[in-house]
Amino acid sequence: MAKRRIRRVFTEEFKAKAVKQCTMGERGISGVARALDLSASALRAWVKQAKVDAGEGAPGELTTEERAELSRFGRENRQLKQDRDILEAAATFFAK
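The following block contains the structure:
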């Protein structure tokens, strides 16, 4: 059975340096990923996102800031729905 990797969290600075190594043409994505002990798919996603953030992505792709904003809106929406449900339950309780 394959050993599962523990999910690691990388800083934006580390990601930027890794992407820069790939885009400068020193080594390919696989080579940089091996050197930094990363999965090639994770590094490939970072490179793709960096291109989108630089305005080079396909139309309709979300930048990092847009993704963060969308995530924030989702959290806010869940909280508002929860608040609404609590108020509805309270209104029903006090209406009796």
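The opening position of the sequence shown corresponds to residue 0 in numbering that gives the first Met the number 0, with each subsequent residue numbered one higher.
Even glycine gets a Cβ: it sits at the ideal position worked out from N, Cα and C.
query	result
Residue nearest to residue 13 in terms of C-alpha spacing, selected from 49, 24 and 91	49
Cβ pair count under 8 Å reaching 3, the segment 60-68 against the segment 78-86	no
For residue 15 and residue 29, believed in contact at Cβ under 8 Å, the rounded distance	Not really, about 19 Å apart at Cβ, beyond 8 Å.
As assigned by DSSP and simplified to three states, the class of residue 37	coil
Residue interval of the alpha helix (DSSP H) (run including residue 18)	11-22
Span separating the alpha-carbon of residue 34 from that of residue 61	29 Å
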